[in-house]
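Enquirer:
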Amino acid sequence: MTSAPPSSAATLASKSTPSISASDAVLHIESATTIAAPCQDVWDVLIDTSTWPSWNTFVPRVTIREQPGSDSQSTDGLSPKLQMGTKMTFHVHMDPSSASEQDVGLVVAEFEPPSANPPKPGRIVWVADLTAKGSMPAFLLTAERVHELEEYDVQEEGGQTKRVTEVRNWEAQVGYLVYVVRWMFGAQLKKNFETWVQDLKQYVEGQKTDN
30 MTSAPPSSAA TLASKSTPSI SASDAVLHIE SATTIAAPCQ DVWDVLIDTS TWPSWNTFVP
90 RVTIREQPGS DSQSTDGLSP KLQMGTKMTF HVHMDPSSAS EQDVGLVVAE FEPPSANPPK
150 PGRIVWVADL TAKGSMPAFL LTAERVHELE EYDVQEEGGQ TKRVTEVRNW EAQVGYLVYV
210 VRWMFGAQLK KNFETWVQDL KQYVEGQKTD N
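Mapping of the sequence shown onto this note's numbering: position 197 corresponds to residue 226, and the numbering continues sequentially without gaps.
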């Protein structure tokens, strides 16, 4: 565990995803916040999609289509918790005030839970699932999104120490259609990414208060 200031938007804007460099991205979106809770608590909420209807106004519903190691023939029997290789469909509310949804097929490509000993940030990456029904060819649109969670101790007035978690969230997109996405939805996506981390912050900190 270390002490450090939160990442700036400029720092996140320079971050690449696993296979898309920041310099190549046609669209790069980022947001960050600090949550007054241990990293594990934030991680547990983020990877459990059954909690998302309670806090996530951008993606309030997720359908888990496939879980590695599961022999369930029904999506109803699959765990709602993300893991390496989870295939899912996000039911996206591009405009959170509207009931209309856009379905986006994704797969978890990296999954590294946080660790307290030795201290290690949590990291999860999901990317476009090219095997999903209705998915676009990679040359038209490829999207990769990274979440990193890192725990810090910060000193408050009076010398007391408080444990907080910085959440860093960014996405890179490439492909011919991304120029259209950037033109039509770029500003709204930026708002939605900011809303995502603020929703998560409010929910986790609210749970801590309730307990």
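Beta carbons: idealized from backbone N, C-alpha and C, even for Gly.
For residue 88, name the three-state secondary structure that DSSP assigns.
Expert: Reduced to three states, the DSSP call for residue 88 is coil.
Enquirer: Taking three-plus beta-carbon pairs below 8 angstroms as touching, is the stretch 46-61 in contact with the stretch 82-98?
Expert: The stretch 46-61 vs the stretch 82-98: no contact.
Enquirer: Nearest-angstrom Cα distance between residue 213 and residue 219?
Expert: Distance between the alpha carbons of residue 213 and residue 219 is about 12 angstroms.
Enquirer: In whole angstroms, give me the CA-to-CA distance for residue 165 and residue 65.
Expert: Straight-line Cα distance between these residues: approximately 39 angstroms.
Enquirer: Closest to residue 117 by C-alpha separation, out of 168, 159, 84 and 146, would be which residue?
Expert: Of the listed residues, the one whose Cα sits closest to residue 117 is 159.
Enquirer: Taking the DSSP output, what are the residues bridged to residue 192?
Expert: DSSP lists 182 as partners of residue 192.
Enquirer: Which whole-angstrom value is the C-beta distance of residue 60 and residue 180, which I expect to be below 8 angstroms?
Expert: The Cβ separation is near 19 angstroms, so there is no contact.
Enquirer: Could you check the C-alpha separation between residue 229 and residue 71 for me, to the nearest Å?
Expert: Approximately 8 angstroms between the Cα atoms of the pair.
Enquirer: Specify, as a first and last residue, the run of the beta strand (DSSP E) that residue 136 falls within.
Expert: Per DSSP, residue 136 belongs to the beta strand (DSSP E) from 131-141.
Enquirer: What's the call for residue 67, buried or exposed, on a 16-neighbour Cβ count within 10 Å?
Expert: The residue in question, residue 67, is buried, as its Cβ has 16 or more Cβ neighbours within 10 Å.
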